[in-house]
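Below you'll find the structure, written out as structure tokens, and then a few comments.
Residue numbers (the working numbering): 149 to 369.
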């Protein structure tokens, strides 16, 4: 069994229950708090994203008020492409889009944390998964020509320019705003005992929530 490094020990110690879910000879290399979206109809999950010498996975474990484990992992050898994406409507955040077979995994965090994870993933792929199917493309922000090589696993950078209307932030604001309108309508209805006062707010909030849900599902396709 490989000797455990100080970094691995610190990560295992800091993340409750992690040692029970590691595979044989698996050593964590880096852990970053982020938003993990594993596709397959899953909701985005705030968790720790852990990169080991074998896998990349989202993880958290809680015991209060009840036990709950979140663990969604992909094997480094199954990764076929990795994109670091900068979106014009999210200046403070970056996103990693990882293809593993037919799966698409999205990881979102601050620029500094995503850059650190990107660099660590690149190093881990070169060291522990040199025969993976990862592809390489370096795309300029202006959409210029890209270069590629199949010598070693590398990554892709994208500068995405997209309208704010269909962005995750806009969808979240629309969804939350709809919930606020619904709650406000119910409260106003109860206080005034007038359906004509509270019902329009409830209806507007319901429509906003439905529209936000439909847009989010469409963007995930």
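Quick reminder that beta carbons are idealized off the backbone N, C-alpha and C, glycines included.
None of the values given here were measured: they were computed from a predicted structure.
Among all the DSSP beta bridges, which residues are the ones paired with residue i?
i           : result
residue 255 : 184, 244
Do the CB positions of residue i and residue j come within less than 8 angstroms of each other?
i           : j           : result
residue 195 : residue 206 : yes
residue 175 : residue 154 : no
residue 178 : residue 264 : yes
residue 327 : residue 336 : no
residue 353 : residue 338 : no
residue 197 : residue 171 : no
residue 234 : residue 307 : yes
residue 268 : residue 199 : yes
residue 254 : residue 185 : yes
residue 217 : residue 305 : no
residue 164 : residue 209 : yes
residue 225 : residue 277 : yes
residue 323 : residue 272 : no
Does residue i come out as helix, strand or coil in the three-state DSSP assignment?
i           : result
residue 164 : coil
residue 250 : coil
residue 156 : helix
residue 124 : Any answer about residue 124 is impossible in this case: the structure gives the chain only from 149 up to 369.
residue 348 : helix
residue 316 : helix
residue 343 : helix
residue 277 : coil
residue 295 : For residue 295, the pLDDT reaches just 45, beneath the cut-off of 50, and the residue's location in the model is therefore unreliable, although a value from the coordinates is still provided. Reduced to three states, the DSSP call for residue 295 is coil.
Short of 8 angstroms in beta carbon distance, which residues of its chain neighbour residue i, apart from the five on each side in sequence? Order them along the chain.
i           : result
residue 214 : none
residue 258 : 240, 241, 242
residue 330 : 349, 350, 353, 354, 357
residue 251 : 186, 187, 188, 222
Between which residues of its own chain and residue i is the CB-CB distance below 7 angstroms, once the five residues before and five after are set aside?
i           : result
residue 167 : 160
residue 256 : 182, 183, 241, 243
residue 341 : none
Going along the chain, which residues of its own chain have a beta-carbon closer than 6 angstroms to the beta-carbon of residue i, five neighbours each way excluded?
i           : result
residue 221 : 203, 205
residue 346 : 333, 336, 337
- May I have a chain-ordered list of the beta strand (DSSP E) segments no shorter than 3 residues that lie completely inside the segment 166-240? 176-185, 193-200, 203-210, 216-223, 227-235
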